[in-house]
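Read the structure below first, then the notes.
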Amino acid sequence: YVAPAGGFEILDSGASFTVRAADGAVAVLSGGGSSRIMLVQNLTDATGQSVVIEDLVFERGYSSVNGRAGGVTIVNANATLRRCTFEDNVVEASSTGGGAIFAFGASTVFVDSCTFTANTSTNEGGAIRVDESSEMWVHGSVFEGNLTNVTGHRVSAAGGAIHMTRSKLVVGNSRFVDNRAGCIGGAIFALGLFD
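Every position in the sequence shown, counted from 1, becomes a number in this note's numbering once 1307 is added.
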């Protein structure tokens, strides 16, 4: 399934539901190297409703827009990503990152048994970027070959696999292999700002 310009959108759903492949099927959502793949967003505060995304492949998503991932962007929303694969998703925005996933705006995200391979960002978070008081739990997942040290990267490009700022991040039973940063934090970079 090739994403339309700007990607597939789930906006202000107001209901909990699941998006998944049919039993035994392999469903691939592709950005074709030129488009973002998916946006899950509430235009107001996050509600108790949750979108569950299962058993999908997100590949070759591309974003040059600040605040948008190549793969899945989650804004003011509650989401669970389970048994998904993220491959070759790219962000070349001027200031933000998150090749595979970018979560912000007080989102709550669960990442369970997912695989992240060869996702890149020129700024931060080759695979995942978490920001603005969001919460993310990562469990049983594999991060391999995700990069922020790509050609043209920002001097301070941190978090080869995950970059977290002003948020809550819990990672358990996960594996990080050959992830690289342009600055620091080949696997994970976490920054808390104190007033």
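Backbone N, C-alpha and C fix where the C-beta goes; we use that ideal spot for every residue, glycine too.
With respect to the 8 Å criterion, glycine 1432 and glycine 1452 are not classified as neighbours on the basis of their beta carbons.
Nearest to glycine 1406 by C-alpha distance, out of Val1359, Gly1339, Asp1362 and Gly1377, is Gly1377.
For alanine 1322, the secondary structure class from DSSP, reduced to helix, strand or coil, is coil.
By the criterion of a C-beta distance shorter than 7 Å, glutamine 1348 is surrounded in its chain by Leu1318, Val1382, Asn1383 and Ala1384, once the five residues flanking it on both sides are discounted. Glycine 1467 places its beta carbon 8 Å or farther from that of alanine 1497.
Taking a 10 Å sphere around the C-beta of isoleucine 1491, we find fewer than 16 other C-beta atoms and assign the residue as exposed. Using a Cβ distance threshold of 8 Å, glycine 1374 and arginine 1343 do not count as a contacting pair. Beta-bridge analysis with DSSP links glycine 1479 to His1446. In the three-state DSSP reduction, glutamate 1439 falls in the coil class, being neither helix nor strand.
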